[in-house]
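Numbering (the working numbering), first residue to last: 685 to 961.
Just so it is clear, CB atoms sit at the ideal spot from N, CA and C, and this is done for glycine as well.
A short write-up of the structure that comes next.
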């Protein structure tokens, strides 16, 4: 009887292993198909002029949109990641002595599920209307607003995975609470925290709706965030609505460049983080 039960258990384990393997293969195959499709269509209009020409040049390019996206995402990350990480540290390390932890966690969960177009309308009312103009500052603030709850909840969950014995040992050696967090807890979870931040950056880098209400886009090369600001997602949206095949082909090239930028940021951050570790 025990041998029969063991055989059934092994059979069930093999079935589950096969199902999990099949699902992993499906995910990898889907990613390969999507990437291959983008390469086949996007490479058709991708050349060096695409990166150096402006939309009004002949042939048109996306230099302003590429630089605009990099600037917007950098501004959003500079504001959203520190605030989100500090909120996550508060939820993870100071929850026991605080009555605000539960409300903050609830608000972060709610904000993480708010549609991006609602964030765009909020940015329009809070920044565009008082400033009297669309601007890159408003677009970056809207993107940072999306990043904050994602980074906060990821930071909290990753810091909770750090063993409590690390904290106890540090405090036993005379370290303060803040010193333990900065020198023991955060370094122990650096890789996971960076991964969470990169996921948030990847999320906002592909957002279009908030920028339609805040940055609004521009066909010029703009570096001043106080003016209407270009971005790849807005330019892709505009080109995809045009009837000409050339415009749609350029939109596919823009999608390919956007994915390549996110991929490059992830690789570089992971490389330098691993080296430091």
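Practice prompt. Identify whether residue 703 lies in helix, strand or coil by the three-state DSSP scheme.
Written response: By 1-based counting over the chain shown, the position of residue 703 is 19. If DSSP states are grouped into helix, strand and coil, residue 703 belongs with the helices.
Fill in: Simplified DSSP assignment, three categories, for residue 757
Counting from one through the chain shown, the residue named residue 757 turns up at place 73. Residue state for residue 757 is assigned as helix, using DSSP reduced to three classes.
Item to complete: Could you pull the start and end residues of the alpha helix (DSSP H) that residue 793 belongs to?
Response: Within the chain shown, the letter at position 109 stands for residue 793. For residue 793, the enclosing alpha helix (DSSP H) begins and ends at 785-796.
Item to complete: Using beta-carbon positions only, say whether residue 812 and residue 822 come within less than 7 Å of one another.
Response: Start at 1 with the first residue of the chain shown, and residue 812 comes out as number 128. Start at 1 with the first residue of the chain shown, and residue 822 comes out as number 138. Using a Cβ distance threshold of 7 Å, residue 812 and residue 822 count as a contacting pair.
Worksheet item: Around the C-beta of residue 672, are 16 or more other C-beta atoms found within 10 angstroms, so that it is buried, or is it exposed?
Response: No information on residue 672 is available, as it lies outside the stretch 685 to 961 that the chain covers here.
Worksheet item: Taking the alpha-carbon positions, what's the residue 916 to residue 947 distance?
Response: The sequence position of residue 916 within the chain shown is 232, counting from 1. The sequence position of residue 947 within the chain shown is 263, counting from 1. In this structure, the CA atom of residue 916 is about 15 Å from the CA atom of residue 947.
Practice prompt. Can you give me the start and stop residues for the alpha helix (DSSP H) that residue 913 sits inside?
Written response: As a first step, residue 913 is located in the chain shown; it is residue number 229 there, counting from the start. In this chain, residue 913 is not harboured by any alpha helix (DSSP H), its DSSP state being neither H nor E.
Fill in: Classification of residue 904 by the beta-carbon crowding that lies within 10 angstroms, buried from 16 upward
Stepping through the chain shown from its first residue, residue 904 is reached at position 220. Residue environment analysis places residue 904 among the exposed positions, since fewer than 16 neighbouring C-beta atoms fall within 10 angstroms of its C-beta.
Worksheet entry | Sub-7 Å separation of residue 892 and residue 921 beta-carbons | Here residue 892 refers to the residue found at position 208 when the chain shown is read from its first residue. Here residue 921 refers to the residue found at position 237 when the chain shown is read from its first residue. Yes, the Cβ-Cβ distance between residue 892 and residue 921 is below 7 Å.
Worksheet item: With C-beta atoms as the reference, is residue 768 less than 7 Å away from residue 836?
Response: Counted from its first residue, the chain shown places residue 768 at position 84. Counted from its first residue, the chain shown places residue 836 at position 152. Yes.
Worksheet entry | Range of the contiguous alpha helix (DSSP H) that encloses residue 846 | By one-based count along the chain shown, residue 846 stands at place 162. Where residue 846 is concerned, there is no enclosing alpha helix (DSSP H), given that its DSSP letter is neither H nor E.
Practice prompt. Put residue 709 into one of helix, strand or coil per three-state DSSP.
Written response: Position 25 of the chain shown, counted from the first residue, corresponds to residue 709. In this structure, residue 709 counts as helix in the three-state DSSP scheme.
Practice prompt. Spatial neighbours of residue 777 within its chain, please: CB distance less than 6 Å, with the 5 preceding and 5 following residues excluded, ordered by chain position.
Written response: Walking along the chain shown from the start, residue 777 turns up at place 93. For residue 777, the CB contacts under 6 Å within the same chain, skipping 5 residues up- and downstream, are 865 in chain order.
Item to complete: Could you work out which residue in 926, 863, 900, 846 is closest to residue 876 when comparing CA atoms only?
Response: As a position in the chain shown, residue 876 is number 192, starting the count at 1. That would be 846, whose Cα lies nearest to the Cα of residue 876.
Worksheet item: So, residue 928 versus residue 912, is the Cβ gap smaller than 7 Å?
Response: Taking the first residue of the chain shown as 1, we reach residue 928 at position 244. Taking the first residue of the chain shown as 1, we reach residue 912 at position 228. Going by C-beta atoms, residue 928 is not nearer than 7 Å to residue 912.
Item to complete: List the whole-angstrom C-beta distance separating residue 942 from residue 889, where the pair is believed to meet the contact cut-off of C-beta under 8 Å.
Response: Along the chain shown, read from residue 1 onward, the residue named residue 942 stands at position 258. Along the chain shown, read from residue 1 onward, the residue named residue 889 stands at position 205. Right, their Cβ atoms sit about 7 Å apart.
Fill in: CB contact flag (residue 807, residue 898, <7 Å)
Here residue 807 refers to the residue found at position 123 of the chain shown. Here residue 898 refers to the residue found at position 214 of the chain shown. For the pair residue 807 and residue 898, the CB atoms are nearer than the 7 Å cut-off.
Worksheet item: In terms of alpha-carbon separation, which member of 712, 741, 840, 704 lies closest to residue 789?
Response: Residue numbering aside, residue 789 sits at position 105 when the chain shown is read from its first letter. Distances from the CA of residue 789 to each of 712, 741, 840, 704 were compared; the closest alpha carbon is that of 840.
Worksheet item: Using DSSP with H/G/I as helix, E/B as strand and the rest coil, what is residue 803?
Response: Along the chain shown, read from residue 1 onward, the residue named residue 803 stands at position 119. DSSP places residue 803 in helix when its eight states are reduced to three.
Fill in: Alpha-carbon to alpha-carbon, residue 803 and residue 751
Taking the first residue of the chain shown as position 1, residue 751 is located at position 67. Taking the first residue of the chain shown as position 1, residue 803 is located at position 119. Taking the straight line from one Cα to the other gives about 23 Å.
Worksheet item: Roughly how many whole angstroms lie between the Cα atoms of residue 857 and residue 784?
Response: Reading the chain shown from its first residue, position 173 is the one you call residue 857. Reading the chain shown from its first residue, position 100 is the one you call residue 784. Residue 857 and residue 784 have their C-alpha atoms roughly 30 Å apart.
Practice prompt. Go ahead and label residue 860 buried or exposed: buried means 16 or more other beta carbons lie within 10 angstroms of its beta carbon, across all protein chains shown.
Written response: For the purposes of this step, residue 860 is identified with residue 176 of the chain shown, where counting begins at 1. That one is exposed.
Practice prompt. Please report how far the alpha carbon of residue 794 lies from the alpha carbon of residue 770, in whole angstroms.
Written response: Looking up residue 794 in the chain shown gives position 110. Looking up residue 770 in the chain shown gives position 86. Distance between the alpha carbons of residue 794 and residue 770 is about 18 Å.
Practice prompt. Drop a sphere of 10 angstroms on the beta-carbon of residue 710, count the other beta-carbons inside from all chains shown, and report buried for 16 or more, exposed for fewer.
Written response: Indexing the chain shown from 1 puts residue 710 at position 26. It counts as exposed.
Fill in: Proximity test, residue 911 beta-carbon vs the ligand SAM heavy atom, cut-off 6 Å
In terms of ligand content, the structure shown is empty, and the ligand SAM therefore cannot be addressed.
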